[in-house]
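Right, one structure below, let's go through it.
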Amino acid sequence: MFVHCCHCSDCQRQVGSAFVINALIETDRIQVLSGEIAPTAMPTDSGRPHLVYRCTGCGTTLWSDYGDRKAMSFLRATTLDDRAALSPDVHIFTRSKLPWVRLPPDVPAFEIYYDMAKQWPAESLARRRALLGDC
Numbered sequence: 499m500f501v502h503c504c505h506c507s508d509c510q511r512q513v514g515s516a517f518v519i520n521a522l523i524e525t526d527r528i529q530v531l532s533g534e535i536a537p538t539a540m541p542t543d544s545g546r547p548h549l550v551y552r553c554t555g556c557g558t559t560l561w562s563d564y565g566d567r568k569a570m571s572f573l574r575a576t577t578l579d580d581r582a583a584l585s586p587d588v589h590i591f592t593r594s595k596l597p598w599v600r601l602p603p604d605v606p607a608f609e610i611y612y613d614m615a616k617q618w619p620a621e622s623l624a625r626r627r628a629l630l631g632d633c
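In the numbering used here, the protein residues as written are 499 to 633.
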């Protein structure tokens with residue numbers, strides 16, 4: 499539906515990197531091809547629920563459920579076979595971006611979050627609305 503490059507301190511700590519690239523997608527579209535997956539509850543600065551789904555064999559985080567939505571997940575885009583397939587639609591939480599990270603000028607960037615109605619394509623908003631009943 500939409501791809502975030504998140505620079506928040508929670509994501510930085512969880513992935514051990516400067517940012518994470520999350521593709522927001524319907525959970526029922528995620529297909530695990532092999533291995534077992536285990537959820538782990540993670541703390542967040544906001545206090546909202548955050549379940550991280552990891553491969554039990556290698557420990558790689560494959561997707562997250564922020565806010566206990568269940569129907570919509572944040573798929574780690576670089577876990578896909580084609581890691582370059584999904585580029586960010588926006589950069590979020592740039593207030594905690596590491597100073598040496600350079601953002602591309604043609605991708606919207608936000609210190610915290612953004613107005614979905616202004617950033618998401620109409621088709622993606624319709625998919626989210628059908629899934630969650632909001633927007």
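Virtual Cβ for every residue (Gly too), placed ideally from N, Cα, C.
DSSP three-state assignment for residue i, whether helix, strand or coil
i, result
"R546", "coil"
"C556", "coil"
"D563", "strand"
"R574", "strand"
"V513", "helix"
"L584", "coil"
"L522", "strand"
Sub-8 angstroms separation of residue i and residue j beta-carbons
i, j, result
"H505", "S585", "no"
"V588", "H502", "yes"
"R626", "M499", "yes"
"R552", "T538", "yes"
Given residue i as reference, the closest of the options once Cα atoms are compared
i, options, result
"L522", "L531, S562, R581, A536", "S562"
"F591", "A569, C556, Y611", "Y611"
"A536", "R546, S515, T558, S544", "T558"
"V518", "A620, A628, F572", "F572"
In DSSP terms, what residue i is bridged to
i, result
"H502", "N520, V588"
### Task
Please go through the region 589-628 and give each complete alpha helix (DSSP H) segment of 4 or more residues, from N-terminal end onward.
614-617
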